[in-house]
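Undergrad: Going line by line, the protein sequences match chains A and B. Residue numbers 423 to 601, in this note's numbering, belong to the letters of the first sequence in order. Residue numbers 21 to 210, in this note's numbering, belong to the letters of the second sequence in order. All C-beta atoms, glycine included, are put in the ideal place defined by N, C-alpha and C. First, the structure itself, so that you have it in front of you.
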Amino acid sequence: MFELISTFFKIGLFTIGGGYAMIPLIEEEVVRKKEWLSKEELVDLMAVAQSCPGIFAVNISIFIGHKHCGTKGALLCALGTILPSFLIILAIALFFQQFREYELVNKFFMGLRPAVVALIAAPVFRMAKTAKINRYNFWIPIAAALGIWLLKVNPIYVIIAAGVGGFVWGKYKEEEQGN
Amino acid sequence: MLLLQLFWTFFKIGLFGFGGGYAMLSMIQGEVVTRYHWLDAGQFTDIVAISQSTPGPIGINSATYVGYTSMVNAGYSHVWGILGSTVSTFAVVFPSFVLMLMICKFLMKYKNHRYVEYVFTGLRPAVVGLLAAAALLLLTKENFSTPKECPWQFAISILLFIFAFVSQRLYKLNPILIVVITGIAGIILY
C-alpha cells in the first residue's frame, strides 16, 4: 500500500510537461520494475484513461490503485499523484506575488508569454493527426475554435454538443444502413 | 461564496475535461477569464507557463494555481487562497475519480461498445478545436502588447512566438527550455 503511494508520488514529482510525459515513467515503474500491470494492460488502460474526462495521469493511478487495494488504494494513488504538484504550485503561488513586482521577473515573463501561446498552439496540429481529421470532419475543430474565440461560446457546451452530435450521427447512419 | 463557485466551476471542468490538460486549459480559460473575470489574460498566461514548467499534470497545476490566485485577487488572505486551491484541485479530480471507479467496477467490458465510439467521433475533432481556441484567445495585448502601444515589445513578442512555435514543432525542443530561453530573452531585450 505504502509502495503504491510512494511510486505515484515519485511519478508525480519527476514528470514535467503534463500527463503524456508521464507515460514512459509509468511504464518503467509500474510495468517493468513493480510488475503491477502487463504491457498490454497498460495500453488498454491508456485507451480508457484517455476516453475518460479528467486528468490522464490521475485516471491511470486510480485504476492501478483500485486493481491492487480497491477503493482505498484508488484514493491513495490519486493522492500520491496529485500531492507533489499541489505542494509545489502552492509554494510558488505563495511567493510569486512578491517576486512579480521585481523588474527583472516582470521582463522574464514579458518574454515568455508569447512563447507560452506558441506552446499551446503547437500541439494543435499533432492532435489533429491523432484525432483523424479528414475532409468530412475538418469543419468541426474550425467551428469549435471560432465559436469559442469569436462568439465566446463556453467550451463545455462545445464538448457536450460534440459528444451528442457524434452519437446522433452514428445512430442515424446505423439506421440508414439497417433499412 | 467564491469558494463554492470555484468548486462548481472546477467540478464542471473535471467532468467535461476530455482530451487532456491542454484541452482543459481552454475550459479553465473560458470559465475563469472570459466568464467570471477572476483572472486577466496575462495572469492566466503566467499560470500556464508555471504549470508547464513545474512537475505534475498541467490540469492539477493550473487548478491549484487558479484556485489560489482567484481568491487572492478577490481580496482574500493567503489562508483563504490555500483553501481555494485545495477546493479547486479536489473539484477537478472528483468527477473523474468517481467515473474511473465505476469503470473499474462495471464498465471495462463496454469500452469498445459502438455507442462509445460514436460519441468519440464527435468529441475527438472538437477537442482539437478547443485547443486552437485556447491559443487564439491568448492573442491579447497583455501577452503581445500592440503595435501602437509599444512597437518594440510587439515586434519582439512576435519573434519569440515564432521561435517557440518552430523550435517546438520542428525541433521538439523541451518546453521548459523554451520557457527559460524566451524569459532570458525578455530580460535582455526589454
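1) So Ser116 (chain B) contacts chain A; which residues on that side make the cut at Cβ distance below 8 Å?
2) Whole angstroms are fine: how far does the CA of Pro536 (chain A) sit from the CA of Ile178 (chain B)?
3) For chain B, find out if any of its Cβ atoms is closer than 8 Å to the Cβ of Phe574 (chain A); answer yes or no.
4) Are the C-beta atoms of Val519 (chain A) and some chain B residue less than 8 Å apart?
5) From Ala154 (chain B) to Met44 (chain B), what distance separates their C-alpha atoms?
6) For a test of the three-state rule: what should DSSP assign to Pro77 (chain B), helix, strand or coil?
7) Applying the 10 Å Cβ sphere with the 16-neighbour rule, what's the burial state of Asn81 (chain B)?
8) Can you pull the chain B neighbours of Thr493 (chain A), defined as C-beta to C-beta under 7 Å?
9) Figure out for me which residue from A:Gly495, A:Phe589 and A:Arg522 has the closest Cα to the Cα of Asp66 (chain B).
10) Hey, how far is the Cα of Glu525 (chain A) from the Cα of Trp100 (chain B)?
11) Check whether the Cβ of Ala94 (chain B) lies closer than 8 Å to any Cβ atom in chain A.
12) Which residues in chain A have a C-beta closer than 7 Å to the C-beta of Phe27 (chain B)? List them in chain order.
13) When DSSP labels each residue in this structure, what does Cys170 (chain B) get in the three-state scheme?
14) Which complete beta strand (DSSP E) runs does the stretch 118-202 of chain B hold, if anything under 3 residues is left out?
15) Just to make sure I have the definition right: I need the residues of chain A whose C-beta is within less than 7 Å of the C-beta of Ala111 (chain B). Which are they?
16) Is it the case that the Cβ atoms of Ile198 (chain B) and Leu541 (chain A) are separated by a distance below 8 Å?
17) I want to see whether chain B comes within less than 8 Å of Ser460 (chain A), judged by CB atoms only; does it?
18) List, in order along the chain, the chain A residues whose C-beta lies closer than 9 Å to that of Lys32 (chain B)?
19) Grouping DSSP H, G and I as helix and E and B as strand, with all else coil, what is Val575 (chain A)?
20) Using a Cβ cut-off of 8 Å, pull out every chain A residue sitting near Asp60 (chain B), in sequence order please.
21) Give the single residue among B:Tyr138, B:Thr202, B:Met47 and B:Tyr135 whose Cα lies nearest to the Cα of Ser73 (chain B).
22) Quick one: which chain A residues come within Cβ less than 8 Å of His98 (chain B)?
23) So the candidates are A:Ala566, A:Thr552, A:Ala479 and A:Val575; which of them puts its Cα closest to the Cα of Phe117 (chain B)?
24) How about Thr89 (chain B): is its C-beta nearer than 8 Å to some C-beta of chain A?
25) Could you say which of A:Ala515, A:Leu498 and A:Cys499 lies nearest to Leu103 (chain B) if we only look at CA atoms?
26) Could you compute how far the alpha carbon of Gly34 (chain B) sits from the alpha carbon of Ala205 (chain B)?
27) Within this structure, are the beta carbons of Pro115 (chain B) and Ser507 (chain A) separated by less than 8 Å?
28) With a threshold of 8 Å on Cβ separation, who are the neighbours of Pro195 (chain B) within its own chain once the five nearest residues in sequence on each side are excluded?
29) Measuring only between beta-carbons, confirm whether Arg535 (chain A) sits less than 8 Å from chain B.
30) Compare the C-beta of Pro77 (chain B) against all C-beta atoms of chain A and say whether one is closer than 8 Å.
31) Sorted by chain position, which residues of the same chain lie with C-beta nearer than 7 Å to Leu157 (chain B)'s C-beta, five sequence neighbours on each side aside?
32) My output table needs one value for His57 (chain B): the three-state DSSP class, helix, strand or coil.
33) Of the choices A:Ala567, A:Gly533, A:Ala544 and A:Arg557, whose alpha-carbon is the least far from that of Val147 (chain B)?
34) At a Cβ threshold of 8 Å, is Leu103 (chain B) touching chain A?
35) Just to confirm my understanding: we take Cys474 (chain A), look at its own chain, exclude 5 residues before and 5 after, and list those with CB closer than 8 Å. What are they?
36) Can you find the residues in the same chain that come closer than 8 Å, C-beta to C-beta, to Ala471 (chain A), ignoring five residues on each side of it along the sequence?
TA: The structure says:
1) Cys474, Pro475, Gly476, Ile477, Val480, Asn481 and Ile484
2) 7 Å
3) At residue 574 (chain A) the sequence reads Lys, which differs from the Phe that was named. At least one chain B Cβ lies under 8 Å of Lys574 (chain A).
4) It is Gln, not Val, that sits at residue 519 (chain A) in the sequence shown. Yes, Gln519 (chain A) counts as interfacial toward chain B.
5) Ala154 (chain B) and Met44 (chain B) have their alpha carbons spaced roughly 9 Å apart.
6) coil
7) buried
8) Leu121
9) A:Arg522
10) 28 Å
11) no
12) Think of a sphere of 7 Å around the beta carbon of Phe27 (chain B): no beta carbon from chain A falls inside it, the nearest being about 15 Å out.
13) coil
14) none
15) Correct list: empty, because the minimum Cβ distance to chain A is about 11 Å.
16) yes
17) Taking a beta-carbon distance threshold of 8 Å, Ser460 (chain A) does not count as an interface residue toward chain B.
18) Ile578
19) coil
20) The premise fails here: Asp60 (chain B) is roughly 12 Å from chain A at the closest Cβ pair, so nothing lies under 8 Å.
21) B:Thr202
22) Leu516
23) A:Ala479
24) Nearest CB-CB separation between Thr89 (chain B) and chain A: below the 8 Å threshold.
25) A:Ala515
26) 36 Å
27) no
28) Gln72, Ser73 and Gln188
29) Chain B, which has a Cβ nearer than 8 Å to the Cβ of Arg535 (chain A), makes this yes.
30) yes
31) Gln49
32) coil
33) A:Ala567
34) The beta carbon of Leu103 (chain B) does not come within 8 Å of any beta carbon belonging to chain A, so the residue lies off that interface.
35) Hits under 8 Å: Asn481.
36) Phe478, Asn481, Ile482 and Phe485
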